[in-house]
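Peer 1: Just so you know, the protein sequences line up as chains A and B, in that order.
Reading the first sequence from the start, the letters are residues 27 to 189 in our numbering.
Reading the second sequence from the start, the letters are residues 388 to 512 in our numbering.
For glycine and all other residues, C-beta sits at the position ideal for the given N, C-alpha and C.
Small disclaimer: the values here were computed from a predicted structure and weren't measured.
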Amino acid sequence: MAWTTPKTWSNEPLVAGDLNTHLRDNMEALKDPPSEQVVLDEASNYSTSSTVFVDVDNTVLSLTLETNGGDVMVHFHATVSMSANVFFDVLVDGVRTAGDDGIAVQGANDTTMTFTRLITGLSAGSHTFTLQWKINTGTATLYAGAGTFNRDLHPQFWAREIS
Amino acid sequence: MQVLIIPRDQVNLDALTATLRDSLRSDLIGVSVRSGVIVVFVTDTTSESAKATVRQLVQAHDAQVLTPEQASRIATRQQLQAARANYEGRVRLSDFAQSDADVQTLAGVVYRLALEVRVLRDAID
Chain A
27 MAWTTPKTWS NEPLVAGDLN THLRDNMEAL KDPPSEQVVL DEASNYSTSS
77 TVFVDVDNTV LSLTLETNGG DVMVHFHATV SMSANVFFDV LVDGVRTAGD
127 DGIAVQGAND TTMTFTRLIT GLSAGSHTFT LQWKINTGTA TLYAGAGTFN
177 RDLHPQFWAR EIS
Chain B
388 MQVLIIPRDQ VNLDALTATL RDSLRSDLIG VSVRSGVIVV FVTDTTSESA
438 KATVRQLVQA HDAQVLTPEQ ASRIATRQQL QAARANYEGR VRLSDFAQSD
488 ADVQTLAGVV YRLALEVRVL RDAID
């Protein structure tokens, strides 16, 4: 349900059409905002040796929302294993939102990577949020529910318009 | 950046990256592995022949072949296992009570280090 900028009433009569459009439909839009999420349950874990940011999985870990022009909150949590440091960022419509070394870094083995990012300044319309990662040396693994002993973990990546 | 997606199971990512790096040098950006495929990231200027070589190297990749670093790590772990088996007895400071002062000091240091290693291992396990 799309958001409609609420009407400013003066002295005109309340009619069903206006009430439905400006109250009911907007209440429904607020109750059910544009939102997408994925919980990983893959056949194998993800790994990378890339020292520049690349998509983790441009099919599964890429979410598209049809927004109403509000801010979007993006969240990711997972457990990662690495030989050095692993960095994460989110690509918004093809542009990295944080830049430099990204949103977050983890340097300890088998630890939780989690971040929440508020994406502002988006126009109404279709926007795509894609998880990216890189390492500084060696390799990194993101456990993806692939049945690894004691590491059969299910990360989540979600995006939701919040205003 | 160009992205090559090549179907392939069973990957030794360290070894494959090293192989591709030897061939492509700075044209290789990185390698990722996901369900059933290998994703190779190369620069925009990488030639078609180089990309064909990448596909051949990925197909020829043997996940069982270790890099020298991986082999070294495994050898070190095996040495450690052997050392644990050969020297599993704990240091008892009382055994050194009649020894020279220097030997007592050395035994004390070994005793402390053994305790610290045990605490660290407990924390990891």
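Methionine 108 of chain A and leucine 144 of chain A look like a contact to me (Cβ under 8 Å); what is the Cβ gap, rounded to whole Å?
Peer 2: Between leucine 144 of chain A and methionine 108 of chain A the Cβ distance is about 27 Å, and since that is not below 8 Å, they are no contact.
Peer 1: Please list, in chain order, the chain B residues whose beta carbon lies closer than 9 Å to that of valine 80 of chain A.
Peer 2: Ordered by position in chain B, the residues that pass the 9 Å Cβ test against valine 80 of chain A are Met388, Val390, Ile416, Gly417, Ser419, Val426, Phe428.
Peer 1: Any beta carbon of chain A sitting closer than 8 Å to that of leucine 400 of chain B?
Peer 2: Closer than 8 Å to some Cβ of chain A, the Cβ of leucine 400 of chain B qualifies, so yes.
Peer 1: Got a sec: is the Cβ-Cβ distance from alanine 104 of chain A to anything in chain B below 8 Å?
Peer 2: False, the Cβ-Cβ gap to chain B never drops below 8 Å.
Peer 1: Mind checking serine 459 of chain B: buried by the 16 CB within 10 Å criterion, or exposed?
Peer 2: Under this definition serine 459 of chain B is an exposed residue.
Peer 1: How many angstroms separate the CA atom of aspartate 328 of chain B from the CA atom of asparagine 135 of chain A?
Peer 2: One cannot answer for residue 328 of chain B here, as it falls past the ends of chain B, which runs 388 to 512.
Peer 1: Using only the alpha-carbon positions, how far apart do tryptophan 177 of chain A and asparagine 71 of chain A sit?
Peer 2: In the sequence as presented, tryptophan is not what sits at residue 177 of chain A; that position holds arginine. If you take the alpha carbons of arginine 177 of chain A and asparagine 71 of chain A, they lie about 10 Å apart.
Peer 1: Does serine 331 of chain B get closer than 8 Å to chain A when you measure Cβ to Cβ?
Peer 2: Outside the shown range of chain B, which is 388 to 512, sits residue 331 of chain B, and nothing can be said about it.
Peer 1: Between which residues of its own chain and phenylalanine 79 of chain A is the CB-CB distance below 6 Å, once the five residues before and five after are set aside?
Peer 2: If we look at phenylalanine 79 of chain A and ignore the five residues flanking it on each side, its Cβ neighbours are Asp115, Gln158, Lys160.
Peer 1: Which residues in chain A have a C-beta closer than 8 Å to the C-beta of threonine 404 of chain B? List them in chain order.
Peer 2: In chain order: Ser75, Thr165.
Peer 1: If you count every other CB in all the chains shown that lies within 10 Å of the CB of threonine 93 of chain A, and 16 or more means buried, which is it?
Peer 2: Its Cβ being crowded by 16 or more others within 10 Å, threonine 93 of chain A is buried.
Peer 1: Using 10 angstroms around the beta-carbon of aspartate 414 of chain B, count the other beta-carbons present and answer buried if the total reaches 16, otherwise exposed.
Peer 2: Aspartate 414 of chain B should be labelled buried.
Peer 1: Runs of 3 residues minimum, wholly inside the region 417 to 468 of chain B: which ones carry the beta strand (DSSP E) assignment?
Peer 2: Listed in chain order, the complete beta strand (DSSP E) runs (minimum 3 residues) inside the region 417 to 468 of chain B are 424 to 429.
Peer 1: Say whether the region 448 to 458 of chain B touches the region 391 to 410 of chain B, bearing in mind that this needs 3 or more beta-carbon pairs closer than 8 Å, one atom from each stretch.
Peer 2: Cβ pair count under 8 Å is three or more, so yes.
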